[in-house]
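A quick write-up on the structure given underneath.
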Amino acid sequence: MQEICVRFSSEIVRSIEKMKKTTLSSIFSIIAGVALFAGGSSANPLKLDVKEHELKNGLKLLMLEKHDVPIVCVRINYKVGSVDERPGITGVSHLFEHMMFKGTRIFGTKNYAAEKPLLDKEDDLVIKLLDEKGREEATDKKKIESLEKDLEEVRKKLRELVVKDEVFSLYLRHGASGLNAATSTDGTYYFCDLPANKLELWAFIESDRMKNLVLREYYSERDVVMEERRLRTENSPMGLLIEQLNAVAFIAHPYRWPTIGWRSDIQNLTKADTEEYFKRYYAPNNAVIVMVGDFLPDEAIRLVEKYFGDIPGQPAPPKVKTVEPEQKGERRVEIEFESNPYIAISYHIPAIGHPDLYALDILSSLLSDGRTARLYKSMIEEKRIAVMAHAYNGIGKYPDTFTFIAVPRAPHTLAEIESAFYEEIENLKKTPPTDWEVQKIKNQLEADFIRDLNSASGLANEIGEFEVLSDWRYINTFMDKLSQVTAGDVMRVANKYLTKNNRTVAMLVKKENNAKPKETKGTPPAEKPKTAY
Numbered sequence: 005m006q007e008i009c010v011r012f013s014s015e016i017v018r019s020i021e022k023m024k025k026t027t028l029s030s031i032f033s034i035i036a037g038v039a040l041f042a043g044g045s046s047a048n049p050l051k052l053d054v055k056e057h058e059l060k061n062g063l064k065l066l067m068l069e070k071h072d073v074p075i076v077c078v079r080i081n082y083k084v085g086s087v088d089e090r091p092g093i094t095g096v097s098h099l100f101e102h103m104m105f106k107g108t109r110i111f112g113t114k115n116y117a118a119e120k121p122l123l124d125k126e127d128d129l130v131i132k133l134l135d136e137k138g139r140e141e142a143t144d145k146k147k148i149e150s151l152e153k154d155l156e157e158v159r160k161k162l163r164e165l166v167v168k169d170e171v172f173s174l175y176l177r178h179g180a181s182g183l184n185a186a187t188s189t190d191g192t193y194y195f196c197d198l199p200a201n202k203l204e205l206w207a208f209i210e211s212d213r214m215k216n217l218v219l220r221e222y223y224s225e226r227d228v229v230m231e232e233r234r235l236r237t238e239n240s241p242m243g244l245l246i247e248q249l250n251a252v253a254f255i256a257h258p259y260r261w262p263t264i265g266w267r268s269d270i271q272n273l274t275k276a277d278t279e280e281y282f283k284r285y286y287a288p289n290n291a292v293i294v295m296v297g298d299f300l301p302d303e304a305i306r307l308v309e310k311y312f313g314d315i316p317g318q319p320a321p322p323k324v325k326t327v328e329p330e331q332k333g334e335r336r337v338e339i340e341f342e343s344n345p346y347i348a349i350s351y352h353i354p355a356i357g358h359p360d361l362y363a364l365d366i367l368s369s370l371l372s373d374g375r376t377a378r379l380y381k382s383m384i385e386e387k388r389i390a391v392m393a394h395a396y397n398g399i400g401k402y403p404d405t406f407t408f409i410a411v412p413r414a415p416h417t418l419a420e421i422e423s424a425f426y427e428e429i430e431n432l433k434k435t436p437p438t439d440w441e442v443q444k445i446k447n448q449l450e451a452d453f454i455r456d457l458n459s460a461s462g463l464a465n466e467i468g469e470f471e472v473l474s475d476w477r478y479i480n481t482f483m484d485k486l487s488q489v490t491a492g493d494v495m496r497v498a499n500k501y502l503t504k505n506n507r508t509v510a511m512l513v514k515k516e517n518n519a520k521p522k523e524t525k526g527t528p529p530a531e532k533p534k535t536a537y
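Start counting the sequence shown at 5; every next residue gets the next number (the working numbering).
Here's what the structure looks like:
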């Protein structure tokens, strides 16, 4: 998955997972803490006792009580991400992440009745400006100047009516924290942790955002997203590398375009496109509310029914029909960029729910988690050819990728890194890891998984995220499924998925100096490095 914010930060967060460490004693303490609110036996503390309720309009409510602290962690997740977009409006899901904080007919304005005609006038002027500037024949400069002057006058009046960040301020005044949002390929997520006695305030604000959203400051926020794209992707070696890698690895499926969107699409997004998208995907029947903390389920159901129950559902949004065709041969892309060189190699793997994903999880950890991992020992410690070498297993609603990323240590080359990685993979294909290695990784993965669930906030995040991807019950089966993986399974998935015909290689290299090198007598001309595409 991918998302844009502190937690999911565009494609970069898909590519780099944090390495985690733990001790045996901390594992036991974490398990004990989770068991307090899991509702299951101590033999398996991760059988979470989540209560479900569905409104008539299709809105799903997932509830888990945790009464140790008077806090409720609430999430509203929409089952819509960049995968649901189309060419021409890529990035619209992420734009909504921004727009949802701009207010409604109630919040964010001093007088919506006065604001509405000005918003309509702004839209009309923007469309006229775009049409005039986009004409193939000579544009009318005086007309453009007149339209721009009128537009600025309208925006000046609008600024006088806007109440900046009113939703944020209201939440903060009432003790809320953790206010944030994230967009991934598969979902959009809104976070809020607040005092238990403020749950009704949350229900009032969030239901109003669902049914009365106003696309206020739309065009200025679109510019903010453009700047975000420039900083996080176009001027970021890792962001640019992963964007190009996905664009080449996927030739048909929407996972090929970036969550933040293509620049030209963002520039040309209109309110009409955005409002149509909102109506289709941000409906109650395409959303899930998650509550974890100090509340009573009956009271939570009453509040959600009261505030969200009258919001009409919409026809079920269309599912992604495009299936990525089987890759028939290696693909390569080279990107010129002024930075240290990078390399990324990805392989197609199945979607969430496939049993091979558990073995692939162990494979990625075997390669790169910790100082005893094979890539770390080989590339960083022994050969000293890399300063970073990492592998991760993507988990998506649709088939995703297993990806390796590395940065060479000067003066070593990307070719050396690539060769060393393939060497490690070929070794794994011929000789399985030891049972001790596999068990050690299982312990690490289980500890990491439990740690993510060791707080109400972490639980709310994971329950909501897996419900968007597939089913929150994935949490209840994860450890059992992981425990069944054998060393032979790890070798099997390496042979099955990490093949030449299934891989895409992306390299970030410095721009070449176009000046011709001087030739010395007796020395052959400098040969341009060969690159396969």
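Note that CB positions come from ideal geometry on N, CA and C, so glycine has one too.
Nothing here was measured: the structure is a model prediction, and the numbers come from that model.
Got a sec, what are the start and stop residues for the alpha helix (DSSP H) Phe312 sits in?
Counting from one through the sequence shown, the residue named residue 312 turns up at place 308. First-last of the alpha helix (DSSP H) with Phe312: Pro301 to Phe312.
Check whether the Cβ atoms of Gly112 and Lys120 sit closer than 8 Å, and answer yes or no.
Stepping through the sequence shown from its first residue, residue 112 is reached at position 108. Stepping through the sequence shown from its first residue, residue 120 is reached at position 116. No, these two residues do not count as a Cβ contact at 8 Å.
Just mark Gly493 as buried or exposed, buried being the case when its beta carbon has 16 or more other beta carbons within 10 Å.
Residue mapping note: residue 493 aligns to position 489 of the sequence shown, counting from 1. Per the sequence shown, residue 493 should be read as Asp rather than Gly. When all chains shown are included, Asp493 counts as buried.
Less than 7 Å between C-beta atoms, sequence neighbours within five positions excluded: which residues of the same chain meet that for Asp144?
Translated into positions along the sequence shown, residue 144 becomes position 140. Here the set comprises Glu136.
Taking contact to mean at least 3 C-beta pairs separated by less than 8 Å, is the stretch 270–288 in contact with the stretch 407–423?
With a cut-off of 8 Å, the stretch 407–423 and the stretch 270–288 do not count as touching, because too few Cβ pairs lie within range.
According to the neighbour-count rule (16 or more other Cβ atoms, all chains shown, within 10 Å of its Cβ), is Trp440 buried or exposed?
In the sequence shown, residue 440 corresponds to position 436, counting from 1. Classification of Trp440: exposed, given that the 10 Å Cβ count is below 16.
Report the three-state DSSP secondary structure of Tyr116 (helix, strand or coil).
Locating residue 116 in the sequence shown gives position 112, where the first residue counts as 1. Three-state DSSP puts Tyr116 in a helix.
What number of angstroms, rounded off, separates the C-alpha of Asn499 from the C-alpha of Glu342?
As a first step, residue 499 is located in the sequence shown; it is residue number 495 there, counting from the start. As a first step, residue 342 is located in the sequence shown; it is residue number 338 there, counting from the start. Cα to Cα, Asn499 sits roughly 36 Å from Glu342.
Using three-state DSSP, classify His257 as helix, strand or coil.
Locating residue 257 in the sequence shown gives position 253, counting from the first residue. Coil, per DSSP.
Which ranges does the beta strand (DSSP E) cover as unbroken runs of at least 3 residues, wholly within the stretch 124–195, from first to last along the chain?
The stretch 124–195 contains these whole beta strand (DSSP E) runs: 181–187.
Determine the DSSP secondary structure at Pro412, reduced to helix, strand or coil.
Along the sequence shown, read from residue 1 onward, the residue named residue 412 stands at position 408. In the structure shown, Pro412 sits in a strand (DSSP, three-state: E or B).
Could you work out which residue in Arg213, Gly265, Gly85 and Asn505 is closest to Pro288 when comparing CA atoms only?
Here residue 288 corresponds to residue number 284 of the sequence shown, with the count starting at 1. Considering only alpha carbons, the answer is Arg213.
Since Ala253 contacts Thr405 with CB under 8 Å, what's their CB separation in whole angstroms?
Locating residue 253 in the sequence shown gives position 249, counting from the first residue. Locating residue 405 in the sequence shown gives position 401, counting from the first residue. Yes, they are in contact, since the Cβ atoms of Ala253 and Thr405 sit about 6 Å apart, within 8 Å.
For Leu99, which residues from the same chain have a beta carbon less than 8 Å from its beta carbon, with the 5 sequence-adjacent residues on both sides left out?
One-based indexing of the sequence shown puts residue 99 at position 95. Hits under 8 Å: Glu225, Arg226, Val229, Gly265, Ile270, Leu273 and Thr278.
Taking its Cβ as the centre, do 16 or more other Cβ atoms sit within 10 Å of Pro74, making it buried, or is it exposed?
By 1-based counting over the sequence shown, the position of residue 74 is 70. Exposed, since its Cβ has fewer than 16 Cβ neighbours within 10 Å.
Can you say whether Arg220 is buried or exposed, counting buried as having 16 or more other CB atoms within 10 angstroms of its CB?
One-based indexing of the sequence shown puts residue 220 at position 216. By the neighbour-count rule (16 or more Cβ atoms within 10 Å), Arg220 is buried.
I'd like to know whether the C-beta atoms of Thr237 and Pro262 end up nearer to each other than 8 Å.
Locating residue 237 in the sequence shown gives position 233, counting from the first residue. Locating residue 262 in the sequence shown gives position 258, counting from the first residue. It is a contact, given that the beta carbons lie within the stated cut-off.
On the DSSP letters alone, give me the boundaries of the beta strand (DSSP E) that Gly374 sits inside.
Position 370 of the sequence shown holds residue 374. No beta strand (DSSP E) holds Gly374; DSSP gives it neither H nor E.
Between Tyr380, Asp475, Gly191 and Thr376, which has its C-alpha nearest Tyr286's C-alpha?
Here residue 286 refers to the residue found at position 282 when the sequence shown is read from its first residue. Ranking the options by Cα distance to Tyr286, first place goes to Gly191.
If we call anything under 8 Å between Cβ atoms a contact, is Ala355 one with Val489?
Residue 355 sits at position 351 when you count from the first residue of the sequence shown. Residue 489 sits at position 485 when you count from the first residue of the sequence shown. Against a cut-off of 8 Å, the Cβ pair of Val489 and Ala355 comes out as no contact.
Can you find the residues in the same chain that come closer than 7 Å, C-beta to C-beta, to Trp206, ignoring five residues on each side of it along the sequence?
Locating residue 206 in the sequence shown gives position 202, counting from the first residue. Contacts found: Val78, Cys196 and Leu198.
Quick check on this structure: which residue in Gly138, Lys132 and Ala395 has the alpha carbon closest to the alpha carbon of Ser150?
As a working mapping, residue 150 is identified with position 146 in the sequence shown. Comparing Cα positions, the closest option is Lys132.
Who pairs with Leu198 in a beta bridge, going by DSSP?
By 1-based counting over the sequence shown, the position of residue 198 is 194. Answer by DSSP bridge pairing, in chain order: Val76.
Kindly list the residues whose CB is nearer than 8 Å to the CB of Pro301, restricted to its own chain and excluding five residues on each side of it in sequence; keep chain order.
Taking the first residue of the sequence shown as position 1, residue 301 is located at position 297. For Pro301, where only same-chain residues beyond five positions count, the Cβ hits under 8 Å are Lys55, His57, Met67 and Glu69.
Exposed or buried, what is Ser173 when buried is set at 16 or more other beta-carbons lying within 10 Å of its beta-carbon?
Within the sequence shown, residue 173 is the residue found at index 169, counting from 1. The residue in question, Ser173, is exposed, as its Cβ has fewer than 16 Cβ neighbours within 10 Å.
Alpha carbon to alpha carbon, how far is Val84 from Tyr501?
The residue given as residue 84 occupies position 80 in the sequence shown. The residue given as residue 501 occupies position 497 in the sequence shown. Approximately 28 Å, taken between the alpha carbons.
Any contact of the stretch 386–394 with the stretch 436–454, i.e. 3+ C-beta pairs under 8 Å?
The stretch 386–394 is not in contact with the stretch 436–454.
Tell whether a beta-carbon distance below 8 Å holds between Leu486 and Leu449.
What you label residue 486 is simply residue 482 of the sequence shown in a count that begins at 1. What you label residue 449 is simply residue 445 of the sequence shown in a count that begins at 1. Yes; because the gap between Cβ atoms is below 8 Å, this pair is in contact.
How should Lys401 be labelled, buried or exposed, when 16 other C-beta atoms within 10 angstroms of its C-beta is the threshold for buried?
For this step, residue 401 is matched to residue 397 along the sequence shown. Looking at its Cβ environment, which holds 16 or more other Cβ atoms inside 10 Å, Lys401 is buried.
Taking one C-beta from the stretch 289–308 and one from the stretch 461–480 each time, how about it: are there three or more such pairs within less than 8 Å?
Yes, they touch.
Please list, in chain order, all residues of the same chain as Ser382 whose beta carbon is under 7 Å from its beta carbon, the five residues on each side excluded.
Taking the sequence shown and counting its residues from 1, the one referred to as residue 382 is at position 378. These residues qualify, in order along the chain: Ala424 and Glu428.
I need the straight-line Cα distance from Glu303 to Asp169, nearest angstrom please.
On the sequence shown, residue 303 is found 299 positions in, with the first residue counted as 1. On the sequence shown, residue 169 is found 165 positions in, with the first residue counted as 1. Using only the alpha carbons, I get a separation of about 29 Å.
Alpha carbon to alpha carbon, what distance is there between Val171 and Ile209?
Within the sequence shown, numbered from 1, the residue matching residue 209 stands at position 205. Within the sequence shown, numbered from 1, the residue matching residue 171 stands at position 167. Distance between the alpha carbons of Ile209 and Val171 is about 8 Å.
Along the chain, where does the alpha helix (DSSP H) that runs through Ala395 open and close?
For this step, residue 395 is matched to residue 391 along the sequence shown. That residue, Ala395, is in no alpha helix (DSSP H); its beta strand (DSSP E) goes Ala390 to Asn397.
Going by beta-carbon coordinates alone, are Pro415 and Asp88 separated by less than 8 Å?
As a working note, residue 415 is residue 411 in the sequence shown. As a working note, residue 88 is residue 84 in the sequence shown. Against a cut-off of 8 Å, the Cβ pair of Asp88 and Pro415 comes out as no contact.
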